[in-house]
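K.L.:
In my numbering, the protein residues as written are 697 to 1087.
Encoded as structure tokens, here's the structure I'll be asking about.
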Amino acid sequence: MITLTHVGEGIRFFIRRVRVGLFGIRKYDGNVNYICQQIVEGCWNKQKGYFMVSSGHYCEFYSRDFGWCTSALLGVGASYKSKVRKSLEYALSVFEKVGGIHVAINPNGRAFNFPNYDSIDSIAYIFRSLRLLGDVDLILEFFDFLQGEITRCCGFIDSKTGLVRKDMRFSSMKDYSLRKSSCYDNCCIGLLFSEIDLINKLFKKSSKKISLNNPFSNYNYKKLLNEHFWTGNYFLNDLSGDNTVCGDANIYPFWFEIFDGKNKDKKMLQTVIKSIEKKGLDKPLPLMYNSKFDDKEHNMIFLEWFVPGWERNSIWSMMGMKYIELVSFVDKKKALRMLDLYAVKIKEYKNFIELYDSKGTGRAFSSLFYHADGNMLWAGMYLDLVKKLRR
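Here's what the structure looks like:
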């Protein structure tokens, strides 16, 4: 499960942890928006031509994080469109050479998964980013490779049910957690199904007589999520019998637009928000993976020892941005109050911090071996929310 690439990543992260302990996280000048603008600009790797997750220790390409930010990057500035394209071209060139889409590409250009398993969400996010960019020529350049990745994903699902297989481990969001057919991974298969169809519509619109084969068209993922994960108040974490309310399981069905939180499924979203609030996952800032009272419900890989609480009840900024967007569909004033809380933290640190501790102190997450990164590309999501909610 652990490779030399992973060891190298860990050493690099620890060296930066020591450096941050001695000198602190970089501080940017200016108001909140200008701080975030500088951070996004600083995440552009001029030498290799791609967006890094951060200019801190995540100075590398992550399919997942890039996919989270693509829409925001395209929304906050027209100048970023060419950089989004270059990032995708760079990543796909590397992935094609190694025979598959991976979680990340390290600073030396080596593709890897963490943990060392196939990654459903990385594949789905690359397809989503390609569709959002809308560059048909780029998709055609990698058409055969992309079709091969679709075919590879067929092996990740139970052909009888359409659900992600329980007997397989995947590199995924909350990657330290041991889950069986997680709601999040099933949402990602549903997202991939949708993105394939939307890309085919791009082909049709551009008069290209070609289309990607969609082997998932026989399955209705909204129906599957309703039947297997929806409890009436929230979505289950996975199919292991775990009944806890988890942040990721309850934002992605809506953020991926499998469920329509703006209109048709608005009442469902309101119910989910109430369940999240009841568990306190949005306090003092959104959003935690799960409540501190539910810690014992989750099994984690041994590496969590180095970062206790990392993917349990710490506060993750990228999930916070998505949650605020969803809350805005039902209560814009509440969403703006949450956004203001993040503005306070950005002012305090003069940076956009990766995650905050689980003790409710509002401090950047820190353990003996790891310190939360700063300079995150996720700052683009904050800027996009400001643009959407304050107009």
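Quick reminder that beta carbons are idealized off the backbone N, C-alpha and C, glycines included.
1) Out of curiosity, what's the CA-to-CA distance linking Met1077 and Glu792?
2) Is Arg1033 buried or exposed, if buried means 16 or more other CB atoms sit within 10 Å of its CB?
3) Are the beta-carbon atoms belonging to Leu828 and Leu888 less than 9 Å from one another?
4) Over what stretch of residues does the alpha helix (DSSP H) that includes Val799 continue unbroken?
5) If we count Cβ pairs, one from each stretch, closer than 8 Å, do we get three or more for the stretch 1014 to 1030 versus the stretch 713 to 725?
6) Identify the continuous alpha helix (DSSP H) that holds Thr940 and give its terminal residues.
7) Whole angstroms are fine: how far does the CA of Asp1069 sit from the CA of Tyr754?
8) According to DSSP, Phe1061 sits in a beta bridge with which residue or residues?
9) In whole angstroms, give me the CA-to-CA distance for Ser1097 and Ser825.
10) State the DSSP-derived secondary structure class of Asp1042, mapped to helix, strand or coil.
11) Which two residues bound the contiguous alpha helix (DSSP H) that contains Asp761?
12) Does DSSP put Phe1068 in a helix, in a strand, or in coil?
13) Who are the Cβ neighbours of Arg1059 in its own chain at under 6 Å, not counting the five residues just before and after it?
14) Is the number of C-beta pairs between the stretch 974 to 983 and the stretch 932 to 949 that are closer than 8 Å three or more?
15) Would you kindly work out how many angstroms separate the C-alpha atoms of Trp1074 and Val749, rounded to a whole number?
16) Examine chain B for any beta-carbon lying closer than 9 Å to the beta-carbon of Asn804, and answer yes or no.
17) May I have the straight-line CA-CA distance separating Gly858 from Cys849, to the nearest angstrom?
18) Judging by CA-CA distance, which residue of Phe852, His1067, Tyr821 and Lys862 is the nearest neighbour of Glu1050?
19) Could you round the C-beta distance between Asn1009 and Tyr985 to whole angstroms and report it? I think they count as a contact, below 8 Å.
20) If you count every other CB in all the chains shown that lies within 10 Å of the CB of Ser855, and 16 or more means buried, which is it?
21) State the Cα-Cα distance for the pair Lys905 and Asp893, rounded to the nearest angstrom.
22) Please list, in chain order, all residues of the same chain as Glu993 whose beta carbon is under 7 Å from its beta carbon, the five residues on each side excluded.
23) State yes or no: is the C-beta of Lys919 within less than 9 Å of the C-beta of Phe955?
24) For the stretch 820 to 887, which segments carrying the alpha helix (DSSP H) assignment without a break, of at least 4 residues, lie completely within its bounds, in sequence order?
25) Classify Val714: buried if its beta carbon has 16 or more other beta carbons within 10 angstroms, exposed otherwise.
26) Look up Asn741 in the DSSP assignment and say whether it is helix, strand or coil.
27) Per DSSP, what kind of secondary structure is Ile997 in: helix, strand or coil?
P.N.:
Once the coordinates are examined:
1) Position 381 of the sequence shown, counted from the first residue, corresponds to residue 1077. Position 96 of the sequence shown, counted from the first residue, corresponds to residue 792. Their backbone Cα atoms lie some 28 Å apart in a straight line.
2) The count along the sequence shown starts at 1 and reaches residue 1033 at position 337. Answer is exposed; the Cβ neighbour count stays below 16.
3) Here residue 828 corresponds to residue number 132 of the sequence shown, with the count starting at 1. Here residue 888 corresponds to residue number 192 of the sequence shown, with the count starting at 1. No. Outside cutoff.
4) As a working note, residue 799 is residue 103 in the sequence shown. Premise fails: Val799 is in no alpha helix (DSSP H) and is neither H nor E.
5) no
6) If you number the sequence shown from 1, residue 940 lands on position 244. Looking at the DSSP string, Thr940 is not in any alpha helix (DSSP H), and its letter there is neither H nor E.
7) Within the sequence shown, numbered from 1, the residue matching residue 754 stands at position 58. Within the sequence shown, numbered from 1, the residue matching residue 1069 stands at position 373. So the alpha carbons of these two residues sit roughly 7 Å apart.
8) Numbered from its first residue, the sequence shown carries residue 1061 at position 365. Per DSSP, none; premise fails for Phe1061.
9) Residue 1097 falls outside the range modelled here, since the chain spans only 697 to 1087, and no answer is possible.
10) On the sequence shown, position 346 is the one that residue 1042 refers to. Here residue 1042 turns out to be Ile, not Asp, going by the sequence shown. Ile1042 falls in the helix class under three-state DSSP.
11) Along the sequence shown, one-based indexing puts residue 761 at 65. Where Asp761 is concerned, the enclosing alpha helix (DSSP H) stretches over Ser759 to Val772.
12) Along the sequence shown, one-based indexing puts residue 1068 at 372. Note on residue identity: the sequence assigns Ala, not Phe, to residue 1068. Reduced to three states, the DSSP call for Ala1068 is coil.
13) Numbered from 1 along the sequence shown, position 363 holds the residue referred to as residue 1059. Closer than 6 Å at the Cβ level, and outside the excluded window around Arg1059, lie Asp1053.
14) yes
15) Taking the first residue of the sequence shown as 1, we reach residue 1074 at position 378. Taking the first residue of the sequence shown as 1, we reach residue 749 at position 53. Taking the straight line joining both Cα atoms gives about 8 Å.
16) In the structure shown, chain B does not exist; there is a single protein chain.
17) Against the sequence shown, residue 858 aligns to sequence position 162. Against the sequence shown, residue 849 aligns to sequence position 153. Answer to the nearest angstrom: the Cα atoms are 11 Å apart.
18) The sequence position of residue 1050 within the sequence shown is 354, counting from 1. The option with the nearest alpha carbon to Glu1050 is His1067.
19) Along the sequence shown, read from residue 1 onward, the residue named residue 1009 stands at position 313. Along the sequence shown, read from residue 1 onward, the residue named residue 985 stands at position 289. Correct: roughly 7 Å between the Cβ atoms.
20) Residue 855 sits at position 159 when you count from the first residue of the sequence shown. Classification of Ser855: exposed, given that the 10 Å Cβ count is below 16.
21) As a working note, residue 905 is residue 209 in the sequence shown. As a working note, residue 893 is residue 197 in the sequence shown. Using only the alpha carbons, I get a separation of about 14 Å.
22) Counted from its first residue, the sequence shown places residue 993 at position 297. Because Glu993 sits at a pLDDT of 47, beneath the cut-off of 50, its placement in the model cannot be relied upon, and the point is left open.
23) For the purposes of this step, residue 919 is identified with residue 223 of the sequence shown, where counting begins at 1. For the purposes of this step, residue 955 is identified with residue 259 of the sequence shown, where counting begins at 1. No, these two residues do not count as a Cβ contact at 9 Å.
24) 832 to 837 and 839 to 849
25) The count along the sequence shown starts at 1 and reaches residue 714 at position 18. It is exposed - the Cβ of Val714 has fewer than 16 other Cβ atoms within 10 Å.
26) Numbered from 1 along the sequence shown, position 45 holds the residue referred to as residue 741. Three-state DSSP puts Asn741 in a strand.
27) Residue 997 sits at position 301 when you count from the first residue of the sequence shown. Because Ile997 sits at a pLDDT of 44, beneath the cut-off of 50, its placement in the model cannot be relied upon, and the following sentence gives the value as read from the coordinates. The answer is coil: DSSP assigns Ile997 none of H, G, I, E or B.
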